[in-house]
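Below is one structure, written out as structure tokens; comments come after it.
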Amino acid sequence: MCALRILVLEGADAQVESLAEVALQFAVEIARAPAPSPFGLTFTFVDPEGYAVTVRDAS
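Right, here's the structure in full:
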């Protein structure tokens with residue numbers, strides 16, 4: 005049986021872009037580059053256990 009796990013972090017647009025840049029500096033896999041979405045600016049990275057983590061604009 006597979007459990008669905010979702011984690012969404014929120015921040016301001018500038019924080020979303022800054023976090024994406026920091027992730028790249030530490031060789032974190034970016035699954036989806038920062039881009040506008042219905043939920044504001046978002047990007048998704050892969051954590052060490054392989055889970056996708058989405059960061060989005062809080063507004």
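Going left to right, the sequence shown walks through residues 5 to 63 as our numbering numbers them.
Note that beta-carbon positions come from the ideal geometry of N, C-alpha and C, so glycine has one too.
Quiz item: Quick one: what does DSSP say Ala62 is sitting in, helix, strand or coil?
Solution: coil
Exercise. Going by DSSP, name the residue or residues bridged to Glu56.
Key: For the sequence presented, residue 56 should be read as Ala rather than Glu. Ala56 pairs with Val50.
Exercise. Taking Ala35 and Val50 to be in contact with their CB atoms under 8 angstroms, please state how far apart those CB atoms are, rounded to whole angstroms.
Key: 5 angstroms
Exercise. Could you tell me which residues DSSP puts in a beta bridge with Pro39?
Key: Going by the sequence as given, residue 39 is Ala instead of Pro. Thr46, per the DSSP bridge assignment.
Quiz item: In its own chain, which residues sit with a C-beta less than 8 angstroms from the C-beta of Ala39, not counting the 5 before and 5 after it?
Solution: Leu45, Thr46 and Phe47
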